[in-house]
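For the sequence shown, full-length UniProt numbering gives the first residue as 1, with consecutive numbering after it.
See below for the structure under consideration.
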Amino acid sequence: MTAQLEINQLLDELEAGLRRVLEERGVESPVVVGIRTGGVWLADVLSKRLGVGEPFGELDISFYRDDFSRIGLNPTVKPSSLPFDTEGRDIILIDDVIMSGRTIRAAMNEIFDYGRPASIILATLIDLGARELPIQPDVAGKTVALAANQRVKLRGPDPLRIELQETA
């Protein structure tokens with residue numbers, strides 16, 4: 001599985017896919033927002049690769065999760081940082097892995113609390129399927145099917161690497 005999930009190849013796929021979507025939609029000056037933690041690492045890399053002129057934003061969606069009342073507050077919660085106005089902007093929202101769609105829903109709720117963007121383009125490094133909500137990435141580095149006892153994790157930030165983990 002490691003050969004299938006080579007980070008540089010996935011980043012190349014994401015970059016090429018994002019360039020294609022931006023061109024198709026006529027988006028000329030997007031801003032980039034990463035979801036903590038892996039999405040922020042990817043936002044840093046991809047905003048540089050895409051030549052985005054503004055600093056990227058960081059979202060910590062902990063308070064926006066629909067399971068917040070069950071799981072409580074993660075001790076590593078940090079405030080979100082969007083160093084630009086979201087109103088009327090084209091946003092590239094980046095996360096490392098999409099599975100159920102719940103993290104992305106929470107991130108979009110938070111973005112809309114800052115203002116109403118013109119559009120949101122969703123990019124994920126790995127798409128695991130298994131949706132619980134009808135949320136699909138516009139661009140994914142790779143779609144992967146895992147066994148029930150497997151998990152995939154992005155590690156980083158330097159160097160970025162993908163780990164396949166087995167659970168008991």
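Even for Gly, the Cβ is constructed at its ideal location relative to N, Cα and C.
These numbers come from a predicted model, not from an experiment.
C-alpha distance - residue i paired with residue j, whole-angstrom precision
i	j	result
Thr-167	Ala-16	33 Å
Arg-19	Lys-78	31 Å
Leu-82	Thr-124	19 Å
Glu-28	Gln-150	39 Å
Ser-100	Val-33	20 Å
Val-139	Leu-42	13 Å
Pro-55	Val-31	8 Å
Val-21	Leu-10	16 Å
Arg-155	Arg-25	32 Å
Leu-5	Leu-122	20 Å
Val-152	Tyr-64	23 Å
Given residue i as reference, the closest of the options once Cα atoms are compared
i	options	result
Gly-38	Pro-157, Gln-165, Leu-164 and Glu-163	Pro-157
Leu-14	Val-45, Ile-135, Gly-57 and Leu-164	Val-45
Ile-35	Leu-59, Leu-22 and Arg-49	Leu-59
Asp-113	Arg-102, Ser-80 and Val-97	Ser-80
Glu-110	Gly-57, Pro-159, Arg-131 and Lys-153	Gly-57
Val-144	Leu-164, Leu-160, Asp-12 and Ile-92	Leu-164
Arg-102	Lys-142, Lys-153, Ser-47 and Glu-132	Glu-132
Gly-51	Ile-92, Pro-137 and Phe-63	Ile-92
Asn-8	Gly-141, Ile-135 and Val-152	Gly-141
Asp-85	Phe-63, Val-152 and Ala-118	Ala-118
Beta-carbon proximity of residue i to residue j, cut-off 8 Å
i	j	result
Ile-104	Asp-95	yes
Ile-120	Met-108	yes
Glu-87	Arg-49	no
residue 206	Ile-98	No statement about residue 206 is possible, as the shown extent of the chain runs from 1 to 168 and does not include it.
Leu-160	Leu-146	no
Ala-106	Ile-61	yes
Within-8 Å CB hit, residue i to chain B
i	result
Tyr-64	Structure shown: chain B not included; a single protein chain is present.
The beta strand (DSSP E) enclosing residue i, as first and last residue numbers
i	result
Val-152	150-155
Glu-163	161-166
Ala-140	139-143
Point to revise | Start-end ranges of the beta strand (DSSP E) lying completely within the UniProt domain "Phosphoribosyltransferase" (10-136), minimum 3 residues | key: Within the UniProt domain "Phosphoribosyltransferase" (10-136), the runs of beta strand (DSSP E) at least 3 residues long that lie entirely inside it are, in chain order, 31-35, 57-59, 90-98 and 119-127.
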